[in-house]
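This report refers to the structure that appears directly beneath it.
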Amino acid sequence: MAHSALKELCDLSRSAATLGSIGSLLSWDQETYMPPAAAAHRAEQQAMMAALVHERRTSPRIGDLIASCESDRSLTGDPASPTAAMVREFRREYDLATKLPGDLVAELARTGSQAQEVWKEARQKSDFAMFAPWLEKMMALARRKADCYGIPKGPDAKPGERYDALLNEYEPGMTARELDSIFTPLRQRLSAFIAQVAASTNKPSTAPLSVRIDASRQHVFGQFVIDAMGFDLKAGRLDVTTHPFCSGMAPGDTRLTTRYRDEKFTDALYGTMHEAGHGLYEQGLPKQGTLGTNGSAIPLFGTPLSESISLGIHESQSRMWENLVGRSRAFWEWALPHARRIMGDALAAFTAEDLFRAVNTAQPSFIRVEADEATYNMHVMVRFEIERALLSGDLQPRDVPAVWNRKYKDYLGVDVPDDRRGCLQDVHWSFGLIGYFPTYTLGNLYASQFWQTIQGQIGDIDRQIARGEFKDLKAWLNRNIHAHGRRYRAADLCKMVTGSPLSAEPFIAYLEGKVGSVYGIK
Numbered sequence: 056m057a058h059s060a061l062k063e064l065c066d067l068s069r070s071a072a073t074l075g076s077i078g079s080l081l082s083w084d085q086e087t088y089m090p091p092a093a094a095a096h097r098a099e100q101q102a103m104m105a106a107l108v109h110e111r112r113t114s115p116r117i118g119d120l121i122a123s124c125e126s127d128r129s130l131t132g133d134p135a136s137p138t139a140a141m142v143r144e145f146r147r148e149y150d151l152a153t154k155l156p157g158d159l160v161a162e163l164a165r166t167g168s169q170a171q172e173v174w175k176e177a178r179q180k181s182d183f184a185m186f187a188p189w190l191e192k193m194m195a196l197a198r199r200k201a202d203c204y205g206i207p208k209g210p211d212a213k214p215g216e217r218y219d220a221l222l223n224e225y226e227p228g229m230t231a232r233e234l235d236s237i238f239t240p241l242r243q244r245l246s247a248f249i250a251q252v253a254a255s256t257n258k259p260s261t262a263p264l265s266v267r268i269d270a271s272r273q274h275v276f277g278q279f280v281i282d283a284m285g286f287d288l289k290a291g292r293l294d295v296t297t298h299p300f301c302s303g304m305a306p307g308d309t310r311l312t313t314r315y316r317d318e319k320f321t322d323a324l325y326g327t328m329h330e331a332g333h334g335l336y337e338q339g340l341p342k343q344g345t346l347g348t349n350g351s352a353i354p355l356f357g358t359p360l361s362e363s364i365s366l367g368i369h370e371s372q373s374r375m376w377e378n379l380v381g382r383s384r385a386f387w388e389w390a391l392p393h394a395r396r397i398m399g400d401a402l403a404a405f406t407a408e409d410l411f412r413a414v415n416t417a418q419p420s421f422i423r424v425e426a427d428e429a430t431y432n433m434h435v436m437v438r439f440e441i442e443r444a445l446l447s448g449d450l451q452p453r454d455v456p457a458v459w460n461r462k463y464k465d466y467l468g469v470d471v472p473d474d475r476r477g478c479l480q481d482v483h484w485s486f487g488l489i490g491y492f493p494t495y496t497l498g499n500l501y502a503s504q505f506w507q508t509i510q511g512q513i514g515d516i517d518r519q520i521a522r523g524e525f526k527d528l529k530a531w532l533n534r535n536i537h538a539h540g541r542r543y544r545a546a547d548l549c550k551m552v553t554g555s556p557l558s559a560e561p562f563i564a565y566l567e568g569k570v571g572s573v574y575g576i577k
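Residue numbers (the working numbering): 56 to 577.
The structure is reproduced here in structure tokens:
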């Protein structure tokens, strides 16, 4: 009986996910090909889709089915089993969804869609004042959402804060207090290392990054690289947008986007590799599964076992391909001959060593998505601190530019020239992604810790990369990360795969080893 209940539960969840994928397609279109005049109607479409999905996910029938499954020991008796994990995650999703009223869900989608269009114009004009009223609206909605969820208690059972309720959407179980305990010592270590880099007289030449290469050739090269990585272009595509992203719509449909400029071709290359890392995770999630020991095979789309564990783990996949692979010496030994073949003679004067040193330059800058590995996490910490203060009410939206610019001066020593290259550079706040930014740094930490294990288990990984052979790496990620879906919590997966809890030490060791060697820092 309970197996039939679980099957019906999966069917209903798949139906809601199918509706959700239509909303994802509308979002992708808004970011790529939608004409500007369609923005108002698109906001109404998104509001309607969000309301329909919410109605499906909060159906009392789903609650009854979850309760039926929870009571069947054949499904939940072994807490570590896939079916127990599925039921547990269905319960978590349902409890969260039913705490949100339908009108709030629709208003979040509608206002977010409208705010996104205002953000685009404000960014183009470098005018934060144009966007500030919409940020105020989104923050008010975010507070309502957090209050509906309720403030969770941390692992120490101490009361948390509003921010925890929203962070829990993206990184289940993580709290702002835990982030502080990770970020504060990390910032201190990074500040000291950045100072050493700045004092070094052994600075790499960035000449390879100054060559001009036509965007159309960059596009062809980017597709060549992600195809070699194993991204299935028959089940995905690559398009151009203002702010790169990956959208895993459904099985067989994973959309990547990137952006190009004729100078500094590596920005587009690494943006494309980054999004393809996300795409490989989406394409590697389980497609079929069974219900219980003797259950029949069912499609897993729409169930927790076909979804990513957390955004921190998702980000570990993108950052691994972008940085640990893409910024390695071995990668350029393979990639440079192909880059010359596809993109022309602009790189003819440079060696693989030249490219390796150039792409590992550490230099404080304004733009997060173009930041180097040594300074990137400082960008994330600025955003974490600002959005946390906005949500609590300690910071007013109108004051964001001044606080942003002051923190950039304090943390990175740079003077932000304008809003476009400052507090308007990211799209996230325009559609309410509060609590999202910290997952970028968590992703860097997970990636480095996973990489230590990969180096031990794939002994010749560098030689494989230098030959353009990525199958063993992709298979390792499929087997150890992707195949589990949402069966484990991120912290549990990290300990299971690496043997240790999450730590910043592998990232620091990796950074000091690679970037330190480029700058001659012992």
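Glycine included, C-beta positions come from ideal geometry on N, C-alpha and C. Model, not experiment: these values are computed from the prediction.
Nearest residue (CA-CA) to residue i, options the options
i      : options                           : result
Arg143 : Leu155, Pro156, Leu410 and Asp127 : Asp127
His109 : Ala161, Glu86 and Gly118          : Ala161
Val482 : Met104, Arg69, Ile249 and Ala170  : Ala170
Pro452 : Trp484, Phe421, Asp465 and Thr430 : Trp484
Glu86  : Phe300, Ser246, Gly468 and Ser68  : Phe300
Leu335 : Thr296, Gln179, Leu288 and Thr321 : Leu288
Ser260 : Ala60, His58 and Thr406           : Thr406
Glu388 : Gly228, Gln519 and Ser373         : Gln519
Tyr495 : Val437, Val552 and Gly448         : Val437
Leu340 : His537, Ala323, Leu379 and Ala401 : His537
Phe145 : Ala184, Gly228, Ser76 and Leu61   : Leu61
Phe286 : Ser373, Arg242, Ala220 and Val252 : Ser373
Gly307 : Ala290, Val295 and Asp474         : Ala290
Ala545 : His274, Gln480 and Leu366         : Leu366
Helix, strand or coil at residue i according to DSSP, with G and I counted as helix
i      : result
Cys301 : strand
Thr296 : coil
Ala426 : coil
Lys258 : coil
Ile397 : helix
Gln510 : helix
Gln480 : coil
Gly291 : strand
Arg382 : coil
Arg267 : strand
Lys208 : strand
Pro419 : coil
7 Å Cβ shell around residue i - same chain, five flanking residues per side excluded
i      : result
Ser572 : none
Leu80  : Met304
Thr166 : Lys192, Met193 and Leu196
Gly490 : Tyr218, Leu221, Leu222, Glu224 and Tyr225
Residue i versus residue j - alpha carbon distance
i      : j      : result
Ser82  : Ser168 : 9 Å
Asn415 : Arg116 : 54 Å
Leu120 : Glu428 : 47 Å
Gln338 : Asp517 : 24 Å
Trp189 : Gly487 : 10 Å
Arg412 : Leu130 : 53 Å
Ala262 : Leu163 : 46 Å
Glu583 : Asn257 : The shown model of the chain, from 56 to 577, leaves out residue 583, and the question about it has no answer.
Arg476 : Pro134 : 48 Å
Glu216 : Asn535 : 33 Å
Asn223 : Asp400 : 49 Å
Contacts around residue i, its chain only, beta-carbon distance under 6 Å, and the 5 residues preceding and following it disregarded
i      : result
Arg244 : Ile563
Ser558 : none
Met56  : Note that Met56 scores 49 on pLDDT, short of 50, meaning its location in the model is unreliable; the coordinates nonetheless yield the value given after this. Cβ neighbours of Met56 beyond the five flanking positions: none.
Ser68  : Gly357 and Thr358
Ser76  : Met304 and Ala305
Range of the contiguous alpha helix (DSSP H) that encloses residue i
i      : result
Ala331 : Phe320 to Gly339
Tyr375 : For the sequence presented, residue 375 should be read as Met rather than Tyr. It is not in any alpha helix (DSSP H) - Met375 carries neither H nor E in the DSSP assignment.
Ile441 : Tyr431 to Ser447
Glu176 : Gly157 to Lys180
Beta-carbon proximity list for residue i, same chain, < 8 Å, skipping 5 on both sides
i      : result
Phe343 : Checking the sequence, you will find Gln at residue 343 rather than Phe. Closer than 8 Å at the Cβ level, and outside the excluded window around Gln343, lie Ala352, Ile353, Pro354 and Leu355.
Phe279 : His393 and Ile397
Glu125 : Thr131, Val142 and Arg146
Arg395 : Leu402 and Ala403
Opening and closing residue of the beta strand (DSSP E) in which residue i lies
i      : result
Gln18  : The structure shown has nothing for residue 18, since the chain only spans 56 to 577.
Leu151 : Premise fails: Leu151 lies in the alpha helix (DSSP H), Pro137 to Thr153, not in any beta strand (DSSP E).
Ile353 : Ala352 to Pro354
Leu311 : Asp308 to Thr313
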